[in-house]
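Protein chains in written order, with the working numbering: chain F, 1 to 334; chain L, 1 to 310; chain A, 1 to 313.
Backbone N, C-alpha and C fix where the C-beta goes; we use that ideal spot for every residue, glycine too.
Worksheet: the structure to be examined is printed underneath.
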Amino acid sequence: MGKLLEVKDLAVSFQTYFGEVEAVRGISFHVDRGETVALVGESGCGKSVTANSIMKLLPMPPAFYKSGQIFFEGEDIVKKSEKEMQKIRGDKISMIFQDPMTSLNPTMKVGKQIVEGIIKHHGLSKDEAKKKAIEMLDLVAVPQPEKRANQYPHEFSGGMRQRVMIALAMVSNPELLIADEPTTALDVTVQAQILDLMKQIQDKYGTSIILITHDLGVVADMSDRVIVMYGGKLMEEGTTHEIFKNPKHPYTRKLLDSVPRLDMDRSESLHSIAGTPPDLYKPPKGCPFFERCDEAMIICKDHMPEKEYHTNSHYSCCWLNHPMAKGATEGSEI
Amino acid sequence: MAKYILKRIALAIVTIWAVITITFVLMHSVPGNPFATENRKIPENIMENLMKKYGLDKPKSEQYIMYLKNIARFDFGESMKQDSETVNQIIARGFPVSARLGVQAILIALIFGPALGAIAALYQNKAPDYISMIISIIGVSVPSFVLGSFFVQFIASKVDWIPISGWGEFRHTILPSIALALMPLAQFARLMRSSMLEVLGQDYIKTAKSKGISRFAVIMKHAIRNAILPVVSILGTTISNLVAGSFVIEKIFGIPGLGQFFTTSVFNRDYTLIMGVTVFYAMVLIAMMLLVDVAYTLIDPRIRLTKEGH
Amino acid sequence: MDHTAYTKDMFEKVKRDEYHADRITRPTISYWADVWRRLKMNKLAMTGLVILIIIFIMSILGPYISKFDYREQDWDKINLRPNKEYWFGTDELGRDLFSRAWLGTRYSLLIGVAAALIDFGIGILYGGIAGMASPRLDAIMMRIAEVVYSIPYMLVVVLISVVFSDAGSGTSMFVLILAMTITGWVPMANLVRGQVLALKEYEYSLASESLGASKGWILRKHIIPNSFGPILVNVTLTVPRAIFAEATLGFMGLGLQVPKPSLGTLANDGLAVMPIGIFYQILIPSILISLIMFSFNVLGDGLRDALDPRLRQ
């Protein structure tokens, strides 16, 4: 099996005070060794929940795995116990989070936080651990690593803290790194640095990366493949090239349109997608993008479209793919 | 950070001075003089001597300066009603007793309170949470003296080994310490619970979990380390409030502590003793709060290091 | 797969008007209605509220229901346990404890609430002024407040009570309330000042000021309604502290002046007869004190939770 990670029909819901919220509603995708897959979508579409469920980091009440499997190196994570998961976390799979300002323990020295995981996983001695921490800080280009390892998070800037997070995640040389919006909370200039760093690390270690983001600029820069998610379901998937050059799904197209470009006409207003994502408490029966789609058809409201493959690696889920959709005329009001 | 500590010390000194002054002003604004409140009539020349002895014949401002000077030398004067004992002696007799009671109570509260709160947070909305919540609520609602009275009535009188009153051995200290400890214990537990809940929702807890360390390590090294901070920050005021409770507990259990003497002096209107004990207590409390403040800045690295001016 | 036959007309495009897309699907609800709804869900807080209401009503009606006057002494009927005639029994002077207990509750509540409200008043004024004032004045004011607050609460309370009361007969209500408010207003002032400073920065405040609104108007229209929540919580939690203080004073012989009963003096009286085996006399005021403190505490907690936007369910 070449696939490092294979997600099959995963559905994750939250049991809340007023009912079940279906955050992830049956998605399937895979990640091969050494590649970077971007998971793209707006806030609330389910991408963070997906990421967290791979690591089983969701609070188990109220979250629960409704159905599906997550195969990591051939074994189903959904079935694993907490103890088994602890062996995997921080060793085979690591994660970096969005907000570097709050992701580090304010009362623990940075060096200690970096090696805490591998001390447990690989039983390092105090000295070995210290050395490793400094080594990692050096790897992520933190100047004066010996001094910095003994400092506390609040003595680091935002960009520096994210570097520390990367060091923390990479210290065990994991097979898979999940990066949940790693650059969203950072300045644009710092963003570029962090992305470069991630690319360097990937080149060096051959780590697979799942990159979660809503920023298509980041996607273009870093990923091999792109998966577009909306309303808990996958809308489109393909190589980065295919998605950018030939987006099939209306949502994908809108996302690409809304990226401001330098060659735009000054007088053109910025494109944004009107409306808000659907409430997953009572998820729509049909295509989740129906409410906001300019090309929506009557069938889209109550029927969920199926996957249609355009190439071996590129598919989209949209009724526009259906033969009957060609040449549809402007029709009735709903 | 040194600057911060100096500021706090300065504040403490000013506060002590304020207490001394307020105490002095209040004591001297009582109508009449302390001796005239007795029912018996005191012959004039004896009255004059008494006034002279306590320096009450001099103008107020002079008395004030004298008082300040004396305090600086830690001389609190002589008791007016207890013959041939200086206030210092009385304090020296009573304070160690009260201090021991207070320290025991605080230790009980500090050990069991946060533990209870942490457990409540970890098992939120389940049985341990409800039990600890009930204990906490009882603790903050039932005043220590009520608890104390009940202990005396229902435990001490039934169990031979536990004395009803008095002081001298460890067993004398058990019930009063527990009675005093319950309220701060409950406060710590509640504060710890909400602090823990907040910390548990923080991102760095997720980071810690994502490293695959054991749940125990996450709780002890990451959650509790951070959640305990607010508890430490209220430690000062809690100790201060403990003193109030101790007055009554000492009375109920017949403990010869400073609180007892204070209560009696209040009852007898023994003004020098009242002033002396008040100022002494104030000094002890303010010093204690200062210590706690400084300790807090030491354990929270964010405060410690920002003051150093990086 | 969905095997319903698809007809051509199902593939017609949908026309729609603009505002459909931005429709919000969950019902909106006003701020205070939401707070009340959340408070109602908190069973503990509601229990406290109910208990408080009952106690409050009884404190008004209680002394009138009983056929005995609270001062009436009947030396033939001293230290009687609760019975059909004397519902709470009598004390060692033969006075009816039922009317005394509820009257005592009334006075204790009065003292507690009055102290809390005065603290509230002073706090708001002081904090509001400090917040709106120049940084220099603000700093001076806060330094003074810090010193005042550092003075141990109980010591001041005792001191003032001692000075302004007559030996043996207790302290007047006025003095008691005064004593409790002297240092207690500082947390409130801090709270208000904090709110004022924070809200001073907010967009809409700036917008108003740029439209020419005076500082006073901003204070009234924006800052106070927003601070109301935390202030309310603070007031609710101050009352039990005051009642506790009054009770402690009672035990030191500094309670409310005779012959007015207060829960503190009643507890103290009850303590005196405990050694001879009579507990109902201390039990009854103690239970009342505990119930009041419990109710205010859980109510205050409930309010605090209901006002916290992060806990929204």
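Step through the CB atoms of chain A and report whether any lies within less than 8 Å of the CB of residue i.
i: Ala325(F); result: yes
i: Met222(F); result: no
i: Glu295(F); result: yes
i: Leu285(L); result: yes
i: Val14(L); result: yes
i: Phe145(L); result: yes
i: Met196(L); result: no
i: Ile298(F); result: yes
Smallest Cα separation from residue i: which of the options?
i: Leu44(A); options: Leu307(A), Asp308(A) and Asn297(A); result: Asn297(A)
i: Glu75(F); options: Lys204(F), Ile54(F) and Asp196(F); result: Ile54(F)
i: Lys92(F); options: Tyr309(F), Met101(F) and Glu73(F); result: Glu73(F)
i: Ser94(F); options: Lys109(F), Tyr65(F), Ala167(F) and Arg161(F); result: Ala167(F)
i: Arg95(A); options: Asp74(A), Pro285(A), Ala267(A) and Gly104(A); result: Asp74(A)
i: Leu291(A); options: Thr105(A), Trp87(A) and Arg37(A); result: Thr105(A)
i: Phe64(F); options: Lys199(F), Leu5(F) and Ala23(F); result: Ala23(F)
i: Ile119(F); options: Val292(L), Tyr64(L), Ile239(L) and Lys211(L); result: Lys211(L)
i: Ala306(A); options: Ser30(A), Arg38(A), Ala33(A) and Phe11(A); result: Arg38(A)
i: Ile134(L); options: Leu180(L), Ala189(L), Ser98(L) and Pro176(L); result: Ala189(L)
Taking residue i as part of the alpha helix (DSSP H), name the residues at either end of that continuous run.
i: Met141(A); result: Pro135 to Ser150
i: His122(F); result: Val110 to His122
i: Asp301(A); result: Tyr280 to Leu307
i: Tyr271(L); result: Tyr271 to Ile299
i: Ala23(F); result: Here Ala23(F) belongs to no alpha helix (DSSP H); instead the beta strand (DSSP E) covers Gly19 to Asp32.
i: Ser94(F); result: That residue, Ser94(F), is in no alpha helix (DSSP H); its beta strand (DSSP E) goes Ile93 to Ile96.
i: Phe24(L); result: Ala2 to His28
i: Met355(A); result: For residue 355(A) there is no data in the structure shown, the boundaries of chain A being 1 and 313.
Does any CB atom of chain F fall closer than 8 Å to the CB of residue i?
i: Phe11(A); result: yes
i: Lys126(L); result: no
i: Gly212(L); result: yes
i: Thr297(L); result: no
i: Val14(A); result: yes
i: Pro301(L); result: yes
i: Ala21(A); result: Caution is warranted here: a pLDDT of 47 is assigned to Ala21(A), below 50, making its placement in the model unreliable, and the coordinate value is therefore given only provisionally. So yes, Ala21(A) belongs to the interface.
By Cβ distance below 6 Å, which residues in the same chain neighbour residue i in space, the five residues on each side in sequence not counted?
i: Gly112(A); result: Val239, Ala242 and Ile243
i: Tyr126(A); result: Ala189
i: Val115(F); result: Ala129, Lys132 and Ala133
i: Ile182(A); result: Val156
Heavy atom of the ligand ADP less than 7 Å from the Cβ of residue i, yes or no?
i: Lys87(F); result: Absent from the structure shown: the ligand ADP. Ligands present: none.
Quick one: is residue i near chain L, going by C-beta distance under 8 Å?
i: Met160(F); result: no
i: Leu52(A); result: no
i: Thr183(A); result: no
i: Thr50(F); result: no
i: Ala130(A); result: no
i: Met136(F); result: no
i: Pro230(A); result: no
i: Ser290(A); result: yes
Counting along the chain, where does the beta strand (DSSP E) carrying residue i start and finish?
i: Leu263(A); result: Here Leu263(A) belongs to no beta strand (DSSP E); instead the alpha helix (DSSP H) covers Leu263 to Val273.
i: Cys317(F); result: Tyr315 to Cys317
i: Asp9(F); result: Lys3 to Thr16
i: Ser53(F); result: Counting along the chain, Ser53(F) falls outside any beta strand (DSSP E), though it belongs to the alpha helix (DSSP H) covering Lys47 to Ile54.
i: Ser308(F); result: According to the sequence as given, residue 308(F) is Glu; it is not Ser. It spans Lys307 to Tyr309 - the beta strand (DSSP E) in which Glu308(F) sits, taken as one unbroken run.
Can you list, in chain order, the residues of its chain with a C-beta nearer than 7 Å to that of residue i? Leave out the 5 residues immediately preceding and following it.
i: Thr37(L); result: Model confidence at Thr37(L) stands at a pLDDT of 49, short of 50, so the residue's coordinates are unreliable; what they give is reported in the following sentence. Result list for Thr37(L): Arg269, in chain order.
i: Ala21(A); result: Summary for Ala21(A): the model assigns pLDDT 47, below 50, so the residue's position carries little reliability, and this model does not support an answer.
Using beta carbons (cut-off 8 Å, strictly below), is residue i in contact with chain C?
i: Met192(L); result: In the structure shown, chain C cannot be found, because the protein chains are F, L and A.
Starting from the C-beta of residue i, find all residues in its chain whose C-beta is less than 8 Å away, skip the five residues before and the five after it, and write them out in chain order.
i: Ala234(F); result: Here the sequence assigns Leu to residue 234(F), which means Ala is not the residue at that position. Same-chain partners within the cutoff: Ile27, Ser28, Phe29, Ile227, Val228 and Cys317.
i: Leu197(A); result: Gly131
i: Asp32(F); result: Gly2, Lys3, Leu4 and Ser208
Three-pair Cβ contact test at 8 Å for the stretch 284 to 291 of chain L versus the stretch 107 to 123 of chain L: No: fewer than three Cβ pairs fall under 8 Å.
At least 3 beta-carbon pairs within less than 8 Å: the stretch 200 to 216 of chain L vs the stretch 270 to 285 of chain L: The stretch 200 to 216 of chain L vs the stretch 270 to 285 of chain L: no contact.
Segment contact, 8 Å Cβ cut-off, at least three pairs: the stretch 145 to 161 of chain A with the stretch 247 to 263 of chain A: With a cut-off of 8 Å on Cβ pairs, the stretch 145 to 161 of chain A is in contact with the stretch 247 to 263 of chain A, counting three or more such pairs.
Given 8 Å, three or more beta-carbon pairs between the stretch 45 to 63 of chain F and the stretch 207 to 225 of chain F: The stretch 45 to 63 of chain F makes contact with the stretch 207 to 225 of chain F; the number of CB pairs closer than 8 Å reaches 3 or more.
Segment contact, 8 Å Cβ cut-off, at least three pairs: the stretch 217 to 228 of chain L with the stretch 144 to 153 of chain L: These segments do not touch.
Stretch pair the stretch 134 to 144 of chain F + the stretch 75 to 88 of chain F: three plus CB contacts closer than 8 Å: Segments in contact, no.
Segment contact, 8 Å Cβ cut-off, at least three pairs: the stretch 241 to 253 of chain L with the stretch 173 to 189 of chain L: Touching, per the Cβ criterion.
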